[in-house]
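Worksheet: the structure to be examined is printed underneath.
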Amino acid sequence: MFAILRRVGHLVFRPSRRHLFAALLALAALVGAACNPVDTPADRAGRCQVGVVGDSLTVGARDFGSLSSKFSGQGCTVTAIDARVGRPTSEGASIIESWASQGSLPDILVVALGTNDCDPAGFLAQMQRIFLATGFTQPVVWVNTWRPGCHEGINDMLHRVQLLFNRLQPALGSLWIVDHEQWISQNRVLLAGDGIHLTGDGYRAYAERIVEAVLEAPYE
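Residue numbers for the sequence shown follow my numbering, so the first one is 3 and each next one is one higher.
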C-alpha cells in the first residue's frame with residue numbers, strides 16, 4: 003500500500019532561490035490570509051465538482067480507466083476531462099486560463115501534466131500561469147510524472163513549488179500531489195512497452211488513484 007498524496011519529497015533539481023522566488027512572486031502576493039476548516043472525505047463524497055486537464059495518461063484514464071464514471075460513482079460532478087496525446091504543460095495552462103476567463107473553473111482542479119516536458123525552468127513558468135489563473139487559493143490536485151531522464155527534474159520542481167505553498171499558507175494546502183512516480187517505481191508491471199504509458203489495468207488503477215486523491219486531500 004502506497005500513499006496517494008505526497009506533500010514534499012526529496013529534491014534533486016536545485017534552481018537558485020532567487021530564480022524560484024522571483025518566478026513565483028505573484029503567488030506570494032496573492033495568497034489570502036484567511037484559513038478555513040477543511041472537508042473530510044466523507045464530507046466531500048457526493049458533492050464535489052471536478053475538472054481534469056491532462057495528456058495521454060489522462061486519455062487512457064478516461065477511455066480505459068472509466069475516470070468519469072469513477073468520479074460519478076462517488077457523487078462527483080465532472081465539468082470536463084480535457085486530455086490530448088502529446089500535450090505539453092503550456093497547452094494545458096492555456097486551457098485552464100480559458101476556463102478561468104469564462105468563469106468555468108471547477109471547484110477542484112486536477113492537473114495531470116508534465117510528462118511531455120523536460121525543462122524544469124520552463125515547467126515552472128507554466129505552473130505559474132496555471133496558479134495565476136486559479137488565483138492560488140483554489141484546490142489543485144496535481145499528478146506527478148514518470149518519464150526516466152525527464153521526470154526527476156520536473157517532479158522536483160513540482161515539489162519545490164508545493165513546499166513554497168505550504169510555507170506561505172500551511173493551513174490551506176492548495177497544492178496536493180498524486181505521487182505517480184513512486185507508485186510506478188514499485189508497480190512497473192503496470193507499464194506498457196514504452197516504459198511511460200500504462201496497461202489497461204494500469205489505467206484503471208491510475209484513474210482510481212486520482213479519484214481517491216480528490217476525496218482525500220484536506221482542502222476546503
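C-beta atoms are modelled at their ideal positions from N, C-alpha and C, and glycine is treated no differently.
No experiment lies behind these values; they were computed from the predicted model shown.
Tell me whether residue i sits in a helix, a strand or coil according to DSSP, three-state version.
i      : result
Arg149 : coil
Ala219 : coil
Val87  : coil
Gly77  : coil
Val10  : Any answer about Val10 is weak, because its pLDDT of 38 lies below 50 and its placement is not dependable; what the coordinates show is given next. Coil.
Leu126 : helix
Arg162 : helix
Ala135 : helix
Ile156 : helix
Gly195 : coil
Gly67  : coil
Gln188 : coil
Gly62  : helix
Leu115 : coil
Leu107 : coil
Measure the Cβ-Cβ separation of residue i and residue j and say whether it is below 7 angstroms.
i      : j      : result
Tyr208 : Gly94  : no
Leu57  : Asn118 : Inspection of the sequence shows that residue 57 is occupied by Asp rather than by Leu. Cβ atoms of Asp57 and Asn118: closer than 7 angstroms.
Trp178 : Ala127 : no
Asp288 : Val55  : Absent from the model: residue 288. The displayed extent of the chain is 3 to 222, so no value can be given.
Leu111 : Gly75  : no
Quick check: what's the CA-CA separation for residue i versus residue j?
i      : j      : result
Leu217 : Ala135 : 23 angstroms
Ile212 : Val180 : 7 angstroms
Asp109 : Ile97  : 16 angstroms
Ser100 : Ile156 : 24 angstroms
Cys120 : Ser92  : 12 angstroms
Ser63  : Arg86  : The residue you asked about is not Ser; residue 63 is Ala in the sequence shown. The alpha-carbon atoms of Ala63 and Arg86 are separated by roughly 12 angstroms.
Ala44  : Asp203 : Because Ala44 sits at a pLDDT of 43, beneath the cut-off of 50, its placement in the model cannot be relied upon, and the following sentence gives the value as read from the coordinates. The alpha-carbon atoms of Ala44 and Asp203 are separated by roughly 27 angstroms.
Leu200 : Gly88  : 15 angstroms
Trp144 : Leu115 : 8 angstroms
Thr81  : Leu107 : 9 angstroms
Gln188 : Trp148 : 12 angstroms
Trp185 : Ile132 : 25 angstroms
Leu169 : Pro122 : Note that residue 169 corresponds to Arg in the displayed sequence, not to Leu. In a straight line, the C-alpha of Arg169 is about 21 angstroms away from that of Pro122.
Gln140 : Ser103 : 15 angstroms
Pro39  : Tyr205 : Residue placement at Pro39 cannot be trusted, given a pLDDT of 36 that sits under 50; what the coordinates show is reported in the next sentence. Pro39 and Tyr205: Cα-Cα distance of roughly 33 angstroms.
Phe73  : Glu210 : 9 angstroms
Gly137 : Pro90  : 22 angstroms
Taking C-alpha atoms, which residue in the options lies nearest to residue i?
i      : options                           : result
Asp196 : Glu210, Gln128 and Pro150         : Pro150
Ala194 : Leu59, Val52 and Gln51            : Leu59
Cys78  : Ile186, Glu183 and Cys50          : Cys50
Gln164 : Ser103, Arg131, Val142 and Glu183 : Val142
Asp158 : Met129, Gln140 and Glu210         : Met129
His161 : Phe125, Thr139 and Ile198         : Phe125
His182 : Phe167, Pro90 and Glu214          : Glu214
Ile198 : His153, Leu166, Asn168 and Arg206 : His153
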